[in-house]
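Residue numbers (full-length UniProt numbering): 1 to 95.
For glycine and all other residues, C-beta sits at the position ideal for the given N, C-alpha and C.
Note that the coordinates shown come from a computational prediction; the quantities given were computed from them, not determined experimentally.
1. Spatial neighbours of residue 55 within its chain, please: CB distance less than 6 Å, with the 5 preceding and 5 following residues excluded, ordered by chain position.
2. Within 7 Å: the Cβ of residue 23 and any heavy atom of the ligand NAP?
3. Would you kindly work out how many angstroms separate the C-alpha atoms of residue 86 and residue 32, rounded to a whole number?
4. Alpha carbon to alpha carbon, how far is residue 20 from residue 52?
5. Is DSSP giving residue 33 helix, strand or coil here?
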């Protein structure tokens, strides 16, 4: 017969009593959020989300005989990043 494993009891964490200051802070934050929500509601516009197509992974073909001392070569791909710089021209007016 196999012995049953005993389940360990999880210890309950004691809740910390919040100080007066923290309680007040929370209340303030809630009020602020409510105000923001009221302002934001008028401007909100929904955009349709575009669905991304999943690419199928190609299976790699094994090349050559699998010897013990063969070294696998890894191809490194270089990514080029293009940086666009915007130049702002400032015109100075002479009075």
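Here's the rundown:
1. none
2. The ligand NAP is not among the ligands present in this structure, which contains no ligands whatsoever.
3. 37 Å
4. 49 Å
5. helix
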